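The block underneath contains the structure these notes are about, expressed in structure tokens.
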Amino acid sequence: MTIEDKSIGLALSGGGFRATLFGLGSLWRLNEAGLLGKLDYISSVSGGSILSGILAHQWKELDFVNGRAGNFQGVIAEPVQDFCSRTIDVDAAIFGMLTPFKTAGEYLSDRYDKELFHGTLLRDIPAAEPGRAPEFIFQATNLQTGCSFNFRQDKVTDAVLGISRRAEFSLADAVAASSAFPPIFSPVILQCAPTVWEKQLDDSSLLELHKRIVLADGCVCDSMGVESLVEGVDILLVSDAGIHLKIVPRPLVDDILQFRRIRDILTDQARTLRKRWLTSELAAGRKQGAYWGVDSEIGAFKAAGALTVDNVKTARLQTLPTRTCRFDERDQGRLINWGYALAAAALACRSDLASEAELAWPLPDWHLS
11 MTIEDKSIGL
21 ALSGGGFRAT
31 LFGLGSLWRL
41 NEAGLLGKLD
51 YISSVSGGSI
61 LSGILAHQWK
71 ELDFVNGRAG
81 NFQGVIAEPV
91 QDFCSRTIDV
101 DAAIFGMLTP
111 FKTAGEYLSD
121 RYDKELFHGT
131 LLRDIPAAEP
141 GRAPEFIFQA
151 TNLQTGCSFN
161 FRQDKVTDAV
171 LGISRRAEFS
181 LADAVAASSA
191 FPPIFSPVIL
201 QCAPTVWEKQ
211 LDDSSLLELH
221 KRIVLADGCV
231 CDSMGVESLV
241 EGVDILLVSD
251 AGIHLKIVPR
261 PLVDDILQFR
271 RIRDILTDQA
281 RTLRKRWLTS
291 ELAAGRKQGA
301 YWGVDSEIGA
311 FKAAGALTVD
321 NVKTARLQTL
331 PTRTCRFDER
341 DQGRLINWGY
351 ALAAAALACR
361 SDLASEAELA
371 WPLPDWHLS
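Here you go:
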């Protein structure tokens, strides 16, 4: 079986604009390698969903030839870089706190819609079709059921609520729900008619769950966005911008304030366990694919012709904040280049994914050599 006969899924992790930009570098190399146009699934959470949302919105504008879009930089990269040069979290948080009838998550959705998606509905994204468009999966967390709530072009799904092919949501709502990190930006509350769900809940007391859906960041359930792909694809590619939890010598011990630290520890432990499982499955050959993360050592891939070696510049990228605040030109350029270099190294380790396309820094002014 050749790669043309296998399904390929890409997972884009959370991590604020750090994840958006690192993921952009990953997409840049996948495109050069002729793989972007061959993806069957793109799953995302949080900052990865901002990138995936822009990709989904612009997909029909890409001029693919043999899986490679010649206009990738102008259609995808430049809008992403422009958006990541703005600070969006402060205003949304302030308005959310000051306005009694509108949450910060809803302000976030409005900002996405105004600046990126312009009223686009999920059903307006090109339909998933092999060789033409991937299935986009925006993962959020349902605070009522505790399950992943997944937005796709043609349906929304939840393990408890079931499937709805008739619910109509905007792309901005999907991205906002996926990136509504608690407690500042969550919840994003969506209204829905119970009749659009294929599964009728047996317990009448749960009918409210089909009408009023309360969502938070997809990272709460799955910080790497791999859950919806693990069992469904032949080749799994993971671009992970998550970073290790920082050591805090004097953590807050107030009865309330300590819960932020506890939340971060729980999130970090879940990510670490999932990453350990995934990388061991790939190493053992039980899963096919490739993993690269912002905290990966490029030397560990042992890829011939790697663009750089691990150094002070690459190590610093692991310290950039997990926020949707302005990233300057230098940090943007280095994050994009690092995602590109690591994706290239990871793909080079697989004979079926390796590409002969020439390696060159996407943004040479910010090389990592």
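First residue of the sequence shown? That's 11 in this note's numbering, and the numbers climb one at a time after it.
By construction, the Cβ of each residue, glycine as well, lies at the ideal position given by its N, Cα and C atoms.
Quantities reported herein were computed from a predicted structural model and do not represent experimental measurements.
Exercise for review: Put PHE146 into one of helix, strand or coil per three-state DSSP.
Suggested key: When DSSP states are grouped into helix, strand and coil, PHE146 belongs to the strand group.
- Just tell me which of GLY47, ASP213, ASP92, ASP212 has its CA closest to the CA of ALA143. For the residues GLY47, ASP213, ASP92, ASP212, the minimum Cα distance to ALA143 belongs to GLY47.
(message) Check this for me: beta carbons of LEU246 and LEU239, under 7 angstroms apart or not?
(response) Taking 7 angstroms as the cut-off, the beta carbon of LEU246 is found closer than this to the beta carbon of LEU239.
query: Which residues share a DSSP beta bridge with TRP302?
result: Beta-bridge analysis with DSSP links TRP302 to SER249.
Check the DSSP bridge columns for VAL75 and list the partner residues they point to. Looking at the DSSP assignment, VAL75 forms a beta bridge with ARG78.
Start and end residues, beta strand (DSSP E) containing ASN321
Run containing ASN321: none; DSSP gives neither H nor E here.
So what does DSSP say about THR151, is it helix, strand or coil? Of the three classes helix, strand and coil, the one that applies to THR151 here is strand, per DSSP.
When you compare only the Cα positions, how much space is there between SER174 and VAL258? When only Cα atoms are considered, SER174 and VAL258 end up about 44 angstroms apart.
To the nearest whole angstrom, what separates the beta carbons of ALA300 and LEU357, a pair I think is in contact under 8 angstroms?
-> So it is a contact: roughly 6 angstroms between Cβ atoms.
Looking at the unbroken beta strand (DSSP E) that takes in GLY172, where does it start and where does it end?
That run of the beta strand (DSSP E) goes 172–174.
Q: Have a look at ALA354 and SER17 and give me their C-alpha separation to the nearest angstrom.
A: Looking at the two C-alpha atoms, the distance is approximately 20 angstroms.
Determine which residues share a DSSP beta bridge with TYR51 and list them. TYR51 is bridged to GLY19, GLU145.
Worksheet entry | Residue(s) in a DSSP beta bridge with GLN328 | According to DSSP, residue pairing for GLN328 in a beta bridge does not occur.
#### Entry: Member of GLU307, VAL170, LYS112, ASP15 whose CA lies at the smallest distance from the CA of ASP213
For ASP213, the closest C-alpha among the options GLU307, VAL170, LYS112, ASP15 is that of VAL170.
Three-state secondary structure (DSSP) of GLN201:
In the structure shown, the three-state DSSP call for GLN201 is strand.
TODO: Tell me LEU131's beta-bridge partners as DSSP assigns them.
DONE: Under the DSSP definition of a beta bridge, LEU131 partners with SER180.
Supposed close pair ILE64, LEU20 - CB separation, criterion 8 angstroms:
The Cβ separation is near 14 angstroms, so there is no contact.
Where the alpha helix (DSSP H) through ARG286 begins and ends: Annotation: the continuous alpha helix (DSSP H) that includes ARG286 extends over 268–294.
Please confirm whether LEU317 and LEU369 have their CB atoms less than 7 angstroms apart.
-> Their beta carbons are under 7 angstroms apart, which means LEU317 touches LEU369 by this criterion.
In or out: ILE272 buried (at least 16 other Cβ within 10 Å) or exposed?
-> Within 10 angstroms of the beta-carbon of ILE272 lie fewer than 16 other beta-carbons, which makes it exposed.
query = Grouping DSSP H, G and I as helix and E and B as strand, with all else coil, what is VAL224?
reply = Residue state, collapsed to three classes: strand.
Measure the beta-carbon distance from ALA184 to PHE161 and round it to whole angstroms, keeping in mind my assumption that it falls under 8 angstroms. The beta-carbon separation of ALA184 and PHE161, rounded to 4 angstroms, stays under the 8 angstroms limit for a contact.
Coarse secondary structure for GLU139, derived from DSSP in three states: Shown here, GLU139 sits in a strand according to DSSP, grouped into three states.
Could you give the C-beta distance for GLY115 and VAL198, rounded to a whole number, given that I count them as a contact under 8 angstroms?
-> Yes, they are in contact, since the Cβ atoms of GLY115 and VAL198 sit about 4 angstroms apart, within 8 angstroms.
Three-state secondary structure assigned by DSSP to SER158: Annotated three-state conformation of SER158 is strand, per DSSP.
ALA29 versus THR334, PRO374, ARG360, residue with shortest Cα-Cα distance | The candidate whose alpha carbon is nearest that of ALA29 is THR334.
Practice problem: Below 7 angstroms CB to CB, which residues in the same chain sit around SER306 once its five sequence neighbours on both sides are set aside? | Solution: The residues are LEU352.
Self-check item: Nearest-angstrom Cβ-Cβ length linking THR151 and LEU225, presumed shorter than 8 angstroms
Solution: Indeed they touch by this definition, with Cβ atoms about 7 angstroms apart.
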